[in-house]
Amino acid sequence: MAQGAVPQPEKAMAARLAFIDFEASGLGARSWPIEVGWAFEDGAGESFLVSPAPEWPAEAWDPRAEKLHGITLKMLSDLGVSVAAACDRMAALADCAVYSDAPDWDAFWMMRLFEAAGRKCPIRLQEFSNVMPPLTSERKADLLTRADRLAPRRHRAAEDALHLVTVYRLSRNL
22 MAQGAVPQPE KAMAARLAFI DFEASGLGAR SWPIEVGWAF EDGAGESFLV SPAPEWPAEA
82 WDPRAEKLHG ITLKMLSDLG VSVAAACDRM AALADCAVYS DAPDWDAFWM MRLFEAAGRK
142 CPIRLQEFSN VMPPLTSERK ADLLTRADRL APRRHRAAED ALHLVTVYRL SRNL
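Have a look at this one:
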(Lines of atoms letter the chains of each structure in order from A and count residues from 1; the text may use other names and numbers.)
(Lines give C-alpha, C1' and ligand atoms only; values in the text may rest on other atoms or scores of the structure.)
Protein backbone atom coordinates (compact mmCIF):
# COMPACT_ATOMS: atom_id res chain seq x y z
CA MET A 1 0.00 0.00 0.00
CA ALA A 2 1.35 3.40 -0.92
CA GLN A 3 2.37 5.70 1.89
CA GLY A 4 -0.55 7.81 3.05
CA ALA A 5 -3.13 5.54 1.37
CA VAL A 6 -6.17 4.85 3.46
CA PRO A 7 -7.02 1.16 3.74
CA GLN A 8 -10.42 0.40 2.27
CA PRO A 9 -12.78 -1.97 4.03
CA GLU A 10 -13.47 -5.18 2.18
CA LYS A 11 -16.71 -5.10 0.31
CA ALA A 12 -19.29 -7.16 2.10
CA MET A 13 -20.34 -10.15 0.08
CA ALA A 14 -24.00 -10.25 -0.81
CA ALA A 15 -25.89 -12.72 1.33
CA ARG A 16 -26.84 -16.00 -0.30
CA LEU A 17 -30.53 -16.05 -1.14
CA ALA A 18 -32.77 -18.77 0.27
CA PHE A 19 -36.50 -19.31 -0.12
CA ILE A 20 -38.36 -21.10 2.67
CA ASP A 21 -41.73 -22.69 3.26
CA PHE A 22 -43.37 -24.41 6.23
CA GLU A 23 -46.27 -26.80 6.39
CA ALA A 24 -48.17 -26.86 9.66
CA SER A 25 -50.71 -28.70 11.75
CA GLY A 26 -53.25 -26.04 10.83
CA LEU A 27 -53.69 -22.31 10.64
CA GLY A 28 -54.74 -21.59 14.21
CA ALA A 29 -52.90 -19.68 16.92
CA ARG A 30 -51.88 -22.98 18.54
CA SER A 31 -50.70 -24.65 15.31
CA TRP A 32 -47.17 -25.97 14.98
CA PRO A 33 -44.69 -26.75 12.20
CA ILE A 34 -44.71 -30.22 10.68
CA GLU A 35 -42.42 -29.73 7.67
CA VAL A 36 -39.82 -27.18 6.63
CA GLY A 37 -38.14 -26.85 3.28
CA TRP A 38 -35.92 -24.36 1.61
CA ALA A 39 -34.17 -23.86 -1.68
CA PHE A 40 -31.27 -21.65 -2.63
CA GLU A 41 -31.15 -19.59 -5.81
CA ASP A 42 -29.49 -22.48 -7.67
CA GLY A 43 -32.34 -24.82 -6.68
CA ALA A 44 -30.36 -26.84 -4.13
CA GLY A 45 -32.04 -27.17 -0.78
CA GLU A 46 -33.42 -29.41 1.88
CA SER A 47 -36.68 -30.41 3.50
CA PHE A 48 -37.76 -32.66 6.32
CA LEU A 49 -40.70 -33.54 8.51
CA VAL A 50 -40.68 -32.43 12.14
CA SER A 51 -41.82 -34.65 15.00
CA PRO A 52 -44.25 -32.86 17.31
CA ALA A 53 -42.72 -31.40 20.46
CA PRO A 54 -44.40 -32.71 23.64
CA GLU A 55 -45.80 -29.26 24.47
CA TRP A 56 -47.50 -28.77 21.11
CA PRO A 57 -51.25 -29.35 21.52
CA ALA A 58 -52.71 -32.37 19.74
CA GLU A 59 -56.00 -30.50 19.35
CA ALA A 60 -54.20 -28.06 17.02
CA TRP A 61 -54.07 -30.85 14.41
CA ASP A 62 -56.50 -29.85 11.67
CA PRO A 63 -57.79 -32.68 9.43
CA ARG A 64 -58.45 -30.11 6.68
CA ALA A 65 -54.76 -29.14 6.68
CA GLU A 66 -53.80 -32.83 6.59
CA LYS A 67 -56.01 -33.31 3.57
CA LEU A 68 -54.31 -30.36 1.85
CA HIS A 69 -50.65 -31.30 2.45
CA GLY A 70 -51.11 -35.07 2.81
CA ILE A 71 -48.86 -35.36 5.87
CA THR A 72 -50.20 -37.60 8.63
CA LEU A 73 -49.34 -37.76 12.32
CA LYS A 74 -47.97 -41.26 11.69
CA MET A 75 -45.62 -39.87 9.05
CA LEU A 76 -44.36 -37.34 11.59
CA SER A 77 -43.77 -39.98 14.25
CA ASP A 78 -42.12 -42.39 11.78
CA LEU A 79 -40.11 -39.95 9.64
CA GLY A 80 -39.91 -36.64 11.50
CA VAL A 81 -36.76 -35.26 13.05
CA SER A 82 -36.69 -33.80 16.56
CA VAL A 83 -37.12 -30.05 17.03
CA ALA A 84 -33.44 -29.85 18.07
CA ALA A 85 -32.32 -31.66 14.90
CA ALA A 86 -34.57 -29.42 12.79
CA CYS A 87 -32.96 -26.32 14.31
CA ASP A 88 -29.49 -27.79 13.72
CA ARG A 89 -30.28 -28.37 10.06
CA MET A 90 -31.76 -24.90 9.67
CA ALA A 91 -28.39 -23.44 10.74
CA ALA A 92 -27.56 -23.63 7.00
CA LEU A 93 -29.75 -20.52 6.63
CA ALA A 94 -28.18 -18.40 9.38
CA ASP A 95 -26.08 -16.26 7.01
CA CYS A 96 -28.62 -16.13 4.19
CA ALA A 97 -31.20 -13.59 3.11
CA VAL A 98 -34.27 -15.81 3.62
CA TYR A 99 -37.50 -15.04 1.79
CA SER A 100 -41.02 -16.34 2.34
CA ASP A 101 -44.28 -15.65 0.54
CA ALA A 102 -46.05 -15.88 3.92
CA PRO A 103 -43.48 -14.48 6.36
CA ASP A 104 -45.93 -13.89 9.20
CA TRP A 105 -47.06 -17.52 9.30
CA ASP A 106 -43.67 -19.00 8.47
CA ALA A 107 -41.94 -16.86 11.12
CA PHE A 108 -44.60 -17.93 13.65
CA TRP A 109 -43.93 -21.63 12.97
CA MET A 110 -40.18 -21.10 12.87
CA MET A 111 -40.31 -19.39 16.28
CA ARG A 112 -42.45 -22.25 17.65
CA LEU A 113 -39.79 -24.67 16.42
CA PHE A 114 -36.86 -22.82 17.98
CA GLU A 115 -38.73 -22.14 21.23
CA ALA A 116 -39.52 -25.85 21.57
CA ALA A 117 -35.81 -26.59 21.16
CA GLY A 118 -34.94 -23.94 23.75
CA ARG A 119 -32.92 -21.95 21.23
CA LYS A 120 -32.77 -18.46 19.85
CA CYS A 121 -33.62 -18.32 16.17
CA PRO A 122 -30.77 -16.88 14.05
CA ILE A 123 -32.94 -16.49 10.94
CA ARG A 124 -34.99 -13.46 9.96
CA LEU A 125 -37.60 -13.99 7.28
CA GLN A 126 -38.23 -11.36 4.66
CA GLU A 127 -41.21 -10.80 2.41
CA PHE A 128 -40.76 -12.52 -0.95
CA SER A 129 -42.14 -9.54 -2.85
CA ASN A 130 -39.19 -7.47 -1.58
CA VAL A 131 -36.77 -9.47 -3.73
CA MET A 132 -38.91 -9.26 -6.83
CA PRO A 133 -38.69 -6.55 -9.49
CA PRO A 134 -41.73 -4.34 -10.04
CA LEU A 135 -44.16 -6.15 -12.33
CA THR A 136 -47.40 -5.20 -14.02
CA SER A 137 -50.39 -7.38 -13.16
CA GLU A 138 -50.25 -8.94 -16.61
CA ARG A 139 -46.52 -9.71 -16.34
CA LYS A 140 -46.97 -11.12 -12.84
CA ALA A 141 -49.80 -13.42 -14.01
CA ASP A 142 -47.66 -14.65 -16.92
CA LEU A 143 -44.70 -15.23 -14.61
CA LEU A 144 -46.81 -17.24 -12.13
CA THR A 145 -48.31 -19.34 -14.93
CA ARG A 146 -44.85 -20.18 -16.24
CA ALA A 147 -43.56 -20.97 -12.74
CA ASP A 148 -46.57 -23.21 -12.07
CA ARG A 149 -45.67 -25.25 -15.16
CA LEU A 150 -42.00 -25.56 -14.22
CA ALA A 151 -42.33 -26.05 -10.44
CA PRO A 152 -45.93 -26.52 -9.33
CA ARG A 153 -46.97 -25.74 -5.76
CA ARG A 154 -48.01 -28.91 -3.95
CA HIS A 155 -48.52 -27.73 -0.37
CA ARG A 156 -45.30 -29.50 0.52
CA ALA A 157 -42.42 -27.43 1.84
CA ALA A 158 -39.70 -28.44 -0.64
CA GLU A 159 -41.88 -28.04 -3.72
CA ASP A 160 -43.30 -24.72 -2.54
CA ALA A 161 -39.82 -23.35 -1.77
CA LEU A 162 -38.64 -24.46 -5.22
CA HIS A 163 -41.66 -22.71 -6.72
CA LEU A 164 -40.50 -19.46 -5.11
CA VAL A 165 -37.01 -19.96 -6.55
CA THR A 166 -38.54 -20.54 -9.97
CA VAL A 167 -40.63 -17.36 -9.78
CA TYR A 168 -37.56 -15.42 -8.66
CA ARG A 169 -35.32 -16.85 -11.41
CA LEU A 170 -37.91 -16.27 -14.12
CA SER A 171 -38.31 -12.66 -12.96
CA ARG A 172 -34.58 -12.13 -13.46
CA ASN A 173 -34.94 -13.17 -17.11
CA LEU A 174 -37.64 -10.64 -17.98
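Count along the sequence shown from 1, then add 21; that gives the number in our numbering. Note that the Cβ used here is the ideal one computed from N, Cα and C, for glycine as well. All values derive from a computational prediction rather than experimental measurement.
- Rounded to whole angstroms, Val152 and Tyr189 show a C-alpha spacing of 8 Å.
- Exposure of Leu48 is indicated by the presence of fewer than 16 other C-beta atoms within 10 angstroms of its C-beta.
- Along the region 91–179, the alpha helix (DSSP H) occurs as fully enclosed runs of 4 or more residues at 94–100, 104–111, 124–137 and 158–171, listed in sequence order.
- In the DSSP assignment, Trp82 falls outside any beta strand (DSSP E) and carries neither an H nor an E.
- Counting the other Cβ atoms within 10 Å of the Cβ of Glu80 gives fewer than 16, which makes it exposed.
- In this structure the region 105–119 lies against the region 140–155, because at least three pairs of beta carbons, one per stretch, are closer than 8 Å.
- Segment contact: the region 168–182 against the region 94–103, fewer than three CB-CB distances shorter than 8 Å; contact not assigned.
- When the Cα atoms are used, Ala39 and Pro124 turn out to be separated by approximately 13 Å.
- Secondary structure at Ser68: strand, using DSSP grouped into helix, strand and coil.
- The three-state reading of DSSP puts Glu62 in coil, since its state is none of H, G, I, E or B.
- In the pairwise beta carbon analysis, the region 130–138 is classified as touching the region 70–77: at least three pairs are separated by under 8 Å.
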